[in-house]
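Peer 1:
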Amino acid sequence: MTSPSDTERWKELDAASYDGVAEAFDRHSRRLSGKAAARLTELVQVGPSDRVLDVGTGTGLLPFSLARAQETPASILGIDISAGMIETARRRLHDELHDDARVRFERMDAEQLDLADASFDVVLSAFALTHVPRPELAMREIFRVLGPGGRLGVAVGSRPPMGTGAQVRHAIAEVGRRISQLRGRRLTADLLDRIVERRIGRSVEVPTGAPLATRLDRAPLLRELAQDAGFVDIDVSWRNYQNQIESADEFWDLHRTIRSDSRKRLLVAPPGVEAEVRQEFMDECRRTLLRGGVMTFPISVVFVTARKPDRAS
């Protein structure tokens with residue numbers, strides 16, 4: 198069983214691992230996750246009178262998208278446990294939106310929201326709940342701060358839900374991609390993980406503690422979490438977004454920023470290990486490109502929307 202001290206240590210390490218890559222994360226998330234963020238806000242149907250909370254905002258992908266929408270919400274609060282992420286989001290708010298008073302960013306723990314009951318109409322969370330060690334607490338907190346009839350929208354990286362048409366279509370497409378990969382003509386989002394595992398194995402360990410992060414199909418647990426918190430009208434959908442990367446340097450920077458487990462392990466690895474890993478990574482990229490291959494970073498996303506019941510009459 199994970200102790201409270203282990204949980205807090207995991208959260209501290211996870212947050213700190215993002216502090217140093219916040220600028221790179223901002224750049225990559227805009228490119229890779231913009232379509233998924235737009236889809237999430239579309240599913241929840243955010244309106245001009247809504248008070249919106251974004252849990253695990255990162256550098257503010259969702260708040261900035263909403264602030265530039267044709268119908269801007271009444272207020273948008275983005276919260277994140279990483280100080281570096283919040284600092285970058287606030288800098289963007291100043292530079293890009295001239296400190297728009299409708300948008301705020303605060304450092305806060307999703308498991309302990311320092312917010313009043315029923316103070317929001319919409320709560321969104323994109324690619325964040327896989328970093329929460331006790332997502333049931335976060336979901337209960339989200340339920341608490343939503344007003345009656347409030348809407349929830351969550352997006353996380355995930356394989357398609359089991360037993361769906363999306364799963365069948367994805368499996369068929371994966372056969373062709375896997376053949377191309379075996380022929381040395383395709384590199385994907387697992388390249389850094391494979392090299393780190395081969396180079397250092399588990400000799401460099403980092404704390405683990407987020408149950409969603411250990412799942413490949415995350416839809417069932419998300420649905421269960423929403424149901425247990427009290428949400429109704431729960432709907433699940435899935436989409437896949439393909440992203441082709443042109444340069445080996447960009448591919449490395451993307452992996453080093455986005456692949457959380459490998460990033461944390463490299464942070465605490467002995468001196469020189471990261472340089473060796475990077476060299477092997479770049480060599481594999483160059484060989485693939487010389488064969489006329491491609492470097493891809495697909496984003497597969499499960500979307501969960503739900504509603505807090507109206508106040509009983």
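Mapping of the sequence shown onto the numbering used here: residues 198 to 510, in sequence order. Beta carbons are placed, not taken as given, at the ideal position from N, Cα and C, and that holds for glycine.
1) Helix, strand or coil for residue 270? Go by DSSP, reduced to three states.
2) Going by DSSP in three states, residue 202 sits in which element: helix, strand or coil?
3) Closer than 8 Å, CB to CB, is residue 234 near chain B or not?
4) Along the chain, where does the beta strand (DSSP E) that runs through residue 318 open and close?
5) Just checking my contact of residue 511 with residue 501 at CB under 8 Å: how many whole Å lie between their CB atoms?
6) Would you mind giving the Cβ-Cβ distance between residue 330 and residue 208, rounded to the nearest angstrom? I have them listed as a contact below 8 Å.
7) Applying the 10 Å Cβ sphere with the 16-neighbour rule, what's the burial state of residue 268?
8) Helix, strand or coil: which one does DSSP assign to residue 298?
9) My understanding is that residue 416 touches residue 355, with C-beta atoms under 8 Å, so please give their C-beta distance in whole angstroms.
10) Report the partner residues of residue 438 according to the DSSP bridge assignment.
11) What residue range is occupied by the uninterrupted alpha helix (DSSP H) comprising residue 425?
12) Whose C-beta lies closer than 8 Å to the C-beta of residue 426 among residues of the same chain, with five residues either side of it excluded?
13) Can the beta-carbon of residue 473 be found less than 8 Å from the beta-carbon of residue 396?
14) Identify whether residue 397 lies in helix, strand or coil by the three-state DSSP scheme.
15) Thinking just about the alpha-carbon of each residue, which of 489, 499, 294 and 243 is nearest to the one in residue 438?
Peer 2: On the basis of the coordinates in this document:
1) coil
2) helix
3) Among the chains in the structure shown there is no chain B, since it carries only a single protein chain.
4) 317 to 323
5) The displayed coordinates of the chain run from 198 to 510. Any statement about residue 511 would go beyond what the structure contains.
6) Right, the Cβ-Cβ distance comes to about 6 Å (below 8 Å), so this counts as a contact.
7) exposed
8) coil
9) 6 Å
10) 496
11) 416 to 426
12) 333, 336, 337, 339 and 340
13) yes
14) In the structure shown, residue 397 sits in a helix (DSSP, three-state: H, G or I).
15) 499
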